[in-house]
Structures are given as structure tokens and as C-alpha cells.
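Scroll down for the structure; my scribbles are underneath it.
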């Protein structure tokens, strides 16, 4: 009669640990060639799975195949993928599909994840090229305008329509300023007739970057870097275990040139990894 005294939570925990073990083994084995492309490392696979597993449970993906699905998707698309603006509606529509068994939903969703990852990998080299180009501008010549131009180009590469770019910029900007104790920026859109008058007289229209006046050179590089990383690795890049060392290095940079050097080196290293192997 010992079965009657089994603790359900302990059983679930044991099952979760076994799933974690199998996932770690699978990622280190079958996905070994893929890891540098993400970018990820063998050494951090185990802590990644453990951390992502906790997030899966907290996000409602703790049961059955959903648990493994959440962890593998986070590996391929980045942490908090279910809240990333570039992935909204692409994955959850399969997970919520009516009239289907959970296994079928997960299979369709995983196909969508792989397609999404392939699409991202197809543009990653171009994204990194734009990022590296912007990081090659000397800090003494770098302006908020350079930040906007790089963001605009990279957002376009990621598939954003023109009307979506400014709201996305302001979303990223808000997160940066909030995290750094800076006041929000309020931009006023020019009325249509004023825009027409500007264009008729050959006056350049204001850029979103014109409102950024309170950042010193190092802060501007930090802001710029956060945009580059967010567009390349996801808005929650700072929660990505595989990017922790990079983020710590950037946070410790005391000079704009050092910040540029470290981030540029990371991007170039990742681009080299992307050129070496192809996801099967």
C-alpha cells in the first residue's frame, strides 16, 4: 500500500529531472554542431536547461511535451520567446489550435520554431554586418542619428514594415531607460500638413534620434548596444544565459571605445560561426 503515500509533487519533480537529463544529453549530442550558431556553449547547456525548466513551469509549460518544447524553443529563439515582438503569433497559434491532441499541436509548433530559426539565420549575417559597421564609427563621431539609422536598417532586415519601426524603437528605448533610471522620452508627431510643408521646402523631417539629448558617449554606446543585441538575439538578451559573460563585460566597460571593441568582437566571432556550419 506504499503507493498511497507517494507525494505527487515529488513524482513530478523526479519526472522533470529525468526530462532535464534527457534534454541535456540530446542538446550536447544531436545539437552539438548547432550550438555555436545560436550562439551557445556546451559548458552552459546544463544550467541553461535547469533555468529554462523553471521558466517553463512559471509560464504554464510545465506538463507533458510542453516542458521540453519550451526549453528547446528558448534555445533556438532565445529566452522569453513567447513575449518577443518578432515571434508573437508565429508559434502560439499552433499551441492553441482547437480540435487537436497536444502531441500534434507540439509537433506543428516545433515545425514553426524550426522555420522561424531558419528564417532568422538567413538574415543574421546581414544583421551582424550592419551592427559591426555601426560599431566601427569612432565614439567621438558617433551620434544618436547613427543609432537610429542602424536600428532602422536592422528592423527592416528582421521584416518590420516602415510603420512598425518607430513603435519598436520606442519599446526597446523604454526598457533601456527604465533599466538605467532615465526619464522617458516623449516624441510629438508632426501633423500631416506640417510634414508636407517641410518636404516642399526641402527641410529634413525630424528623426526619432533628435529627441535623445541626455546621454553621454558611454551611455549612448550602451543604448546602441542594447538595440543591436535586442534586434539580433531577442529583446530579453540580458536574460540569455549564453550571453551573460558578454553582458557583464559590456557593463564593466568604462570607455566607449572599449564597449565597441568587446561588442564588435563578439559579433564578428558569431558571424564566423554562422559561416562554418548549416542547420540540418
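In our numbering, the protein residues as written are 4 to 283.
Quick reminder that beta carbons are idealized off the backbone N, C-alpha and C, glycines included.
Source: prediction; values computed, not measured.
(request) Report the residue from 21, 117, 139 whose alpha carbon sits nearest the alpha carbon of residue 41. (result) Of 21, 117, 139, the residue nearest in Cα terms is 117.
(message) By the DSSP assignment, the alpha helix (DSSP H) with residue 176 in it spans what residues?
(response) That run of the alpha helix (DSSP H) goes 165-182.
(message) Distance check for residue 100 and residue 268, CA to CA, integer angstroms please.
(response) Spanning the alpha carbons of residue 268 and residue 100 requires a straight line of approximately 43 Å.
(message) So the candidates are 232, 257, 94, 138; which of them puts its Cα closest to the Cα of residue 247?
(response) Closest option to residue 247, Cα to Cα, is 232.
(request) Count the other C-beta atoms from every protein chain shown that fall within 10 angstroms of the C-beta of residue 235, then say buried if there are 16 or more, exposed otherwise. (result) It is buried - the Cβ of residue 235 has at least 16 other Cβ atoms within 10 Å.
(message) Taking 7 Å as the threshold (C-beta atoms), are residue 153 and residue 133 in contact?
(response) Yes; because the gap between Cβ atoms is below 7 Å, this pair is in contact.
(message) Going by C-alpha to C-alpha distance, which of 67, 53, 229 sits closest to residue 23?
(response) Ranking 67, 53, 229 by CA distance to the CA of residue 23 puts 53 first.
(message) Quick check on residue 160: does DSSP put it in helix, strand or coil?
(response) In this structure, DSSP gives residue 160 a helical state, which the three-state scheme calls helix.
(request) Let me know the secondary structure DSSP gives residue 82 once reduced to three states. (result) Coil, per DSSP.
(message) Let me check understanding here. Comparing Cα to Cα, which of 219, 112, 225, 190 lies closest to residue 212?
(response) Residue 212 has its Cα closest to that of 190, out of 219, 112, 225, 190.
(request) Would you mind reading off the limits of the alpha helix (DSSP H) that contains residue 113? (result) Per DSSP, residue 113 belongs to the alpha helix (DSSP H) from 105-138.
(message) Just verifying my parser: in three-state terms, what is the DSSP assignment at residue 20?
(response) Note: residue 20 maps to helix in three-state DSSP.
(request) For residue 46, count neighbouring C-beta atoms within 10 Å of its own C-beta (all shown protein chains included) and say buried if the count is 16 or more, exposed if not. (result) Label assigned to residue 46: exposed.
(request) Tell whether a beta-carbon distance below 7 Å holds between residue 253 and residue 264. (result) Cβ distance not < 7 Å, so residue 253 and residue 264 don't count as in contact.
(request) Measure the alpha-carbon distance for residue 67 versus residue 90 and round it to whole angstroms. (result) The straight-line gap from Cα to Cα measures roughly 23 Å.
(request) With DSSP as the reference, label residue 243 as helix, strand or coil. (result) Correct three-state label for residue 243: coil.
(request) Could you round the C-beta distance between residue 26 and residue 62 to whole angstroms and report it? I think they count as a contact, below 8 Å. (result) The Cβ separation is near 16 Å, so there is no contact.
(request) Following the continuous alpha helix (DSSP H) through residue 199, name the residue where it begins and the one where it ends. (result) Taken as a continuous stretch (DSSP letters only), the alpha helix (DSSP H) holding residue 199 covers 195-203.
(request) With residue 269 as the anchor, note down where its alpha helix (DSSP H) starts and where it stops. (result) Following the DSSP letters along the chain, one finds residue 269 inside the alpha helix (DSSP H) bounded by residues 259-279.
(request) Grab me the residues of residue 31's own chain with a C-beta within less than 7 Å of its C-beta, minus the 5 sequence neighbours each way, in chain order. (result) Counting only Cβ-Cβ distances below 7 Å, and skipping sequence neighbours, we find 45, 48.
(request) Would you tell me roughly how many angstroms separate the C-alpha atoms of residue 214 and residue 181, rounded to the nearest one? (result) If you take the alpha carbons of residue 214 and residue 181, they lie about 16 Å apart.
(request) Excluding the 5 residues preceding and the 5 following residue 136 in the sequence, name in chain order all residues of the same chain whose CB lies nearer than 8 Å to its CB. (result) Once the five neighbours on either side are set aside, the close Cβ partners of residue 136 are 153.
(message) I'd like the span of the alpha helix (DSSP H) that includes residue 60, first residue to last.
(response) Per DSSP, residue 60 belongs to the alpha helix (DSSP H) from 48-61.
(request) For the alpha helix (DSSP H) containing residue 220, list its first residue and its last residue. (result) First-last of the alpha helix (DSSP H) with residue 220: 220-236.
(message) Assuming contact is defined by CB atoms lying nearer than 7 Å, are residue 221 and residue 259 in contact in what I supplied?
(response) For residue 221 and residue 259, yes; Cβs fall inside 7 Å.
(message) Within 10 Å of its beta-carbon, does residue 21 have 16 or more other beta-carbons around it, so buried, or fewer, so exposed?
(response) By the 10 Å Cβ count, residue 21 comes out exposed.
(request) Give every residue of the same chain whose Cβ lies closer than 6 Å to the Cβ of residue 43, excluding the five residues on either side of it in the sequence, and list them in chain order. (result) Cβ neighbours of residue 43 beyond the five flanking positions: 245.
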